[in-house]
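Protein chains in written order, with the working numbering: chain A, 892 to 1668; chain U, 246 to 510.
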């Protein structure tokens, strides 16, 4: 590990020096923000290029750009897909600040479903293995039960596949769902699902931009093996007070936004609540109508411009699921996040963002039995401080430097009971951990044909006392216990993650990219089930659990054909994962102080090819995504030590998305998905114990679920023409040809012949039609 | 309970359906299955030795005949089990004593299989109670049994509860440990068997050792008659037998109580 790192640092130092010396001519900086002209939202990833020099940059996550050029006269082009480009001639003989506004393009391009990076950017950008979606992207797609969901739309892209039917949980390039870092305005979200994963916690009303990084992950991010999903909330309309909302079959949502303090600030608040339980209460069946099941979300954000150089943002999320079963059991769970950020411009070339972030996930489970009560609760809390400095050295060189300090507190479980409930009050020891990271990256356009982006992330994770630390033998029996006092470091893990990306433009319309990415993960999700449940338990790395680590190499070919408006990419990757976690047979995870004894460790590898072909222009647009991949695991304690396919091993995965603009009012869409069935463990024999047949297993994940495929169609009817009050209707049919896709397969004895066995498939959704009414003002 | 509850949760609001499907499964080499129990009640005690068979095979499981079967205790006594029916090996010349560790030795086909189990002290049932439950999509309406017993102080007690209805044992496997209930009076709501007024319910509380508890716990997760699939990745239960055999050998104590379901008021 040390040698490539040293090399990278030397390389970095060398380029910096060279980059600074190369030009003796006077140089000035053009900088500013790019906004949407209608509502003032910042445009993230908008490009700013000179039409003659072919140099350029893109706005950062706050909409800021900075471009340093030799003195002279330039034609500058600000552009963002789906928006009319802005062209301006500038005489650059001093530093210039230009905050620009772009307006959505004509109707034909408006609400373009696929908003990729600006075409040229696909081949020029120093990014690969990154996919991006905005709320508008997902608006035209048919959805289950009318709930637009950015996490589900993302699953239509290569390398990303759903955990289960209808699930918002996802697997990226053969990793499991807990290996995705999900950030909402920089705050980690530990459980991104509502209603057992059928909906994500991200209300699409509140989202400005979402991007998922699965190949090259910039050094500013770390802490998970598979991917980073970075979601940014809207900042609120800076022009006028406005609102929008929708009425759906199972939920309704409302959003209000507007400027305040003479447009120095703006705010946005959004709420959503499901009301399936209100219908449930109307049912005559007393078995069902006494149950409660709902969730709500609340997003709010405000920002205020302190001056030309400073801007502060405060944003938060609060969401909760509530389930009650006939006043006997209840469970409620949810996330809360709060992010305070301050953008400061030291100069036109030096952008600093400071953040203070709080994140909490908790659940409460309770049982009521007459006048006795029992409660189980658990949480994970983060307090995070981040500094991120972006230094736009020249038009060819950008440096990013940052640090992050994150304090985690975990309460794995605590029970309290009242009355004569037989369960003893138990409080598991809290875990405390401190995670620090320092990163440095440099993007260097060495020649117009060759761009490097490289950097390194140093991270240090420490588990702190007070805590009893156990040691175990190979069978999981406790050998020894050691007590560590408050604040005493128990185990520290210093790690180094190098990252490198090389972009070679081989022609004006195509490029080749190569990347290497090292990743470490210090927090581990223990879950007894394949579907994410609210009782999921996150635990820190410790003396018994080493951080998970992975490295990934990938290569890609990118092609943009301006004329038919096609873009295509082909990427291949190979990923190696170590210190992967699985469970002992019959693992006892709940309220077990010695939970670490229930784990077994192994390694994995994943590799694949991803193809994406998109058309962004014309009345008929959409994309085709195909992934051919494998994901394999090897654990000494599982499957007799032999390699086996991971549950996320889906060999073929295909999505076809088509959108057709029929008229100025009607828009039609269709999606078809196909993937190989997940690898599962089925019995290969049976035997008798106590006169009951028992399944006999000979191999882990040696079977496949049946192939999964489904066609959804949708239609959106827009308003006649733009008015003060606009409304639209969305219609969709999920699973049009009513395929009974297996959710699970179980085995049982036949009712009429108890000596014979049969396989039973459970399927959740047949054909599901939905209508949603949306409005905005 | 928690796991059952979690299964209910996702399914309760969805329209989910079941369908029997034709799913071909691999063939497997037959493996020996040994099941033996010693209790504190008088024998005869049975050690049954069979083999695994193909999953969809219609016939009975094949017996293993001609095996040598011995059980010995930690005081130097040893008993030979004789084969009375193919695969069924019996001995009725001793009664298990709580506090004793028993060992099983089976020789068959040139292989030797061994297991050990400690017989815990018996724990009495305090009482049985009955409660009407209107049922859900996942459980029938009817009268359910609630068992009360008092866990002796000190962790490390393991239990299995069995219910009988008209002398038929329920197939559901209930095991519990005293990790969270140590020293308390415990009440268990016994899902799985429903009764009607006038029925006689016999409930059995078995004290078992940790190895038997682990076996039965992991067995309950793959029991073909109890639903699985969306839960843990299934695997063969953790057996206390050496030599790669399936099944288990357990020494256990049994206490029983009976309740006649009262007629409707």
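All residues carry an ideal CB built from backbone N, CA and C; glycine is no exception.
Predicted, not measured: the structure shown is a model, and the values here were computed from it.
Inset, instruction - Report yes or no: is there a C-beta of chain U within less than 7 angstroms of the C-beta of residue 1651(A)? - result: In the first chain, the residue the question calls residue 1651(A) occupies position 760. Chain U contact via Cβ: present.
Legend entry - 7 angstroms CB neighbourhood of residue 1200(A) in its chain, flanking five on each side removed: For the purposes of this step, residue 1200(A) is taken as residue 309 along the first chain, with counting starting at 1. Here the set comprises 1235, 1236.
Inset, instruction - Using a cut-off of 7 angstroms between C-beta atoms, extract the partners of residue 303(U) located in chain A. - result: Taking the first residue of the second chain as position 1, residue 303(U) is located at position 58. Within 7 angstroms Cβ-Cβ: 1646, 1647.
Legend entry - Interface partners of residue 1576(A) on chain U, CB under 7 angstroms: Position 685 of the first chain holds residue 1576(A). Correct list: 273, 297, 298, 299, 300.
Legend entry - DSSP three-state assignment for residue 1067(A), whether helix, strand or coil: The count along the first chain starts at 1 and reaches residue 1067(A) at position 176. Three-state result, residue 1067(A): coil.
Inset, instruction - Specify, as a first and last residue, the run of the beta strand (DSSP E) that residue 1196(A) falls within. - result: Start at 1 with the first residue of the first chain, and residue 1196(A) comes out as number 305. From DSSP, the beta strand (DSSP E) with residue 1196(A) extends over 1183-1196.
Inset, instruction - Could you tell me whether the Cβ of residue 266(U) comes closer than 7 angstroms to any Cβ of chain A? - result: Here residue 266(U) refers to the residue found at position 21 of the second chain. Taking Cβ atoms only, chain A reaches closer than 7 angstroms to residue 266(U), which makes this a yes.
Legend entry - For residue 366(U), three-class secondary structure by DSSP: Within the second chain, the letter at position 121 stands for residue 366(U). Three-state DSSP puts residue 366(U) in coil, outside helix and strand.
Legend entry - Buried or exposed (CB count within 10 angstroms, at least 16 for buried), residue 445(U): Translated into the one-based positions of the second chain, residue 445(U) becomes position 200. Exposed, because fewer than 16 other Cβ atoms sit within 10 Å of the Cβ of residue 445(U).
Inset, instruction - Just the chain U side, please: which residues come within less than 7 angstroms of residue 1573(A) by C-beta, in chain order? - result: Counted from its first residue, the first chain places residue 1573(A) at position 682. Correct list: 270.
Inset, instruction - Would you please state the rounded distance, in angstroms, between the beta carbons of residue 1609(A) and residue 1619(A)? I believe it to be under 8 angstroms. - result: Translated into positions along the first chain, residue 1609(A) becomes position 718. Translated into positions along the first chain, residue 1619(A) becomes position 728. Correct: roughly 5 angstroms between the Cβ atoms.
Inset, instruction - Within 10 angstroms of the Cβ of residue 1194(A), are there 16 or more other Cβ atoms? Answer buried if so, exposed if not. - result: If you number the first chain from 1, residue 1194(A) lands on position 303. Classification of residue 1194(A): buried, given that the 10 Å Cβ count is 16 or more.
Legend entry - Range of the contiguous beta strand (DSSP E) that encloses residue 1041(A): As a first step, residue 1041(A) is located in the first chain; it is residue number 150 there, counting from the start. No beta strand (DSSP E) contains residue 1041(A), which is instead part of the alpha helix (DSSP H) from 1041-1045.
Legend entry - CA nearest to the CA of residue 484(U), picked from 1656(A), 1477(A), 1663(A): Numbered from 1 along the second chain, position 239 holds the residue referred to as residue 484(U). It is 1477(A) whose Cα lies nearest to the Cα of residue 484(U).
Legend entry - Own chain partners of residue 474(U) with C-beta closer than 7 angstroms, once the 5 adjacent residues on each side are dropped: Here the question's residue 474(U) lines up with position 229 in the second chain. Because the pLDDT of residue 474(U) is 39, which lies under 50, any placement of that residue in the model is unreliable, and the question is left without a value.
Inset, instruction - Could you name the residues of chain U that residue 1591(A) contacts, counting a contact when the two beta carbons are closer than 8 angstroms? - result: In the first chain, residue 1591(A) corresponds to position 700, counting from 1. The contacting residues are 478, 480.
Inset, instruction - Let me know the secondary structure DSSP gives residue 463(U) once reduced to three states. - result: What you label residue 463(U) is simply residue 218 of the second chain in a count that begins at 1. DSSP places residue 463(U) in helix when its eight states are reduced to three.
Inset, instruction - Using the Cα positions of residue 980(A) and residue 1206(A), report the straight-line distance between them to the nearest angstrom. - result: Your numbering for residue 980(A) matches position 89 in the first chain. Your numbering for residue 1206(A) matches position 315 in the first chain. The straight-line gap separating the alpha-carbon atoms of residue 980(A) and residue 1206(A) is approximately 37 angstroms.
Legend entry - Same chain only: Cβ atoms within 8 angstroms of residue 1211(A), ignoring 5 sequence neighbours per side: On the first chain, residue 1211(A) is found 320 positions in, with the first residue counted as 1. Excluding positions up to five away in sequence, the list reads 1186, 1187, 1223, 1224, 1225.
Inset, instruction - Report yes if the CB atom of residue 1072(A) is closer than 7 angstroms to the CB atom of residue 1034(A), and no otherwise. - result: Translated into positions along the first chain, residue 1072(A) becomes position 181. Translated into positions along the first chain, residue 1034(A) becomes position 143. Not a contact, by the Cβ cut-off of 7 angstroms.
Inset, instruction - Return yes when the Cβ of residue 418(U) is within less than 7 angstroms of the Cβ of residue 456(U), no when it is not. - result: As a position in the second chain, residue 456(U) is number 211, starting the count at 1. As a position in the second chain, residue 418(U) is number 173, starting the count at 1. No, the Cβ-Cβ distance between residue 456(U) and residue 418(U) is not below 7 angstroms.
Legend entry - Contiguous beta strand (DSSP E) assignments of at least 3 residues, all confined to the segment 319-369 of chain U: 323-330, 333-336, 346-353, 356-363
Legend entry - Alpha carbon of residue 1496(A) to alpha carbon of residue 994(A), nearest angstrom: For this step, residue 1496(A) is matched to residue 605 along the first chain. For this step, residue 994(A) is matched to residue 103 along the first chain. Roughly 45 angstroms separates the two Cα atoms.
Inset, instruction - Measure the C-alpha to C-alpha separation of residue 1597(A) and residue 1111(A) and round it to an integer number of angstroms. - result: For this step, residue 1597(A) is matched to residue 706 along the first chain. For this step, residue 1111(A) is matched to residue 220 along the first chain. Whole-angstrom Cα-Cα distance: 40 angstroms.
Inset, instruction - Taking only beta-carbon positions, decide if residue 429(U) is within less than 7 angstroms of chain A. - result: As a first step, residue 429(U) is located in the second chain; it is residue number 184 there, counting from the start. Chain A, which has a Cβ nearer than 7 angstroms to the Cβ of residue 429(U), makes this yes.
Legend entry - For residue 280(U) and residue 308(U), the rounded distance between their alpha carbons: Within the second chain, the letter at position 63 stands for residue 308(U). Within the second chain, the letter at position 35 stands for residue 280(U). Cα to Cα, the separation comes out at about 12 angstroms.
Legend entry - Sufficient close CB pairs (3 or more, under 8 angstroms) joining the segment 1334-1342 of chain A to the segment 1288-1295 of chain A: yes
Inset, instruction - Can you have a look at residue 1613(A) and say buried or exposed, based on whether 16 or more other CB atoms are within 10 angstroms of its CB? - result: In the first chain, residue 1613(A) corresponds to position 722, counting from 1. Label assigned to residue 1613(A): exposed.
Inset, instruction - State yes or no: is the beta carbon of residue 350(U) nearer than 7 angstroms to at least one beta carbon in chain A? - result: What you label residue 350(U) is simply residue 105 of the second chain in a count that begins at 1. No, no contact with chain A.
Inset, instruction - Compare the Cα-Cα distances from residue 1361(A) to each of 1077(A), 1487(A), 949(A), 1390(A) and report the closest residue. - result: As a first step, residue 1361(A) is located in the first chain; it is residue number 470 there, counting from the start. Considering only alpha carbons, the answer is 1487(A).
Inset, instruction - Would you verify that the beta carbon of residue 373(U) is, or is not, closer than 7 angstroms to some beta carbon of chain A? - result: Counting from 1 along the second chain, the entry for residue 373(U) is found at position 128. Taking Cβ atoms only, chain A never reaches closer than 7 angstroms to residue 373(U), which makes this a no.
Legend entry - Beta-bridge pairing of residue 1522(A) - partner residues as DSSP gives them: For the purposes of this step, residue 1522(A) is taken as residue 631 along the first chain, with counting starting at 1. In the DSSP output, where bridge partners are listed per residue, residue 1522(A) has 1497(A).
Inset, instruction - Could you tell me whether the segment 382-401 of chain U touches the segment 1560-1576 of chain A, where touching means 3 or more Cβ pairs closer than 8 angstroms? - result: no
Legend entry - Contacting positions in the segment 1293-1321 of chain A - beta carbon closer than 8 angstroms to chain U: Contact residues of the segment 1293-1321 of chain A toward chain U are 1306, 1311, 1313, 1314, 1315, 1317 (C-beta to C-beta distance below 8 angstroms).
Inset, instruction - For my contact list, residue 939(A) and residue 958(A) are in at a C-beta cut-off of 8 angstroms; report their separation, rounded to the angstrom. - result: Numbered from 1 along the first chain, position 48 holds the residue referred to as residue 939(A). Numbered from 1 along the first chain, position 67 holds the residue referred to as residue 958(A). At roughly 6 angstroms, the Cβ-Cβ gap stays under 8 angstroms, so residue 939(A) and residue 958(A) are in contact.
Legend entry - Straight-line Cα distance separating residue 362(U) from residue 512(U): Because residue 512(U) is not part of the residues shown, which for chain U are 246 to 510, the question remains open.
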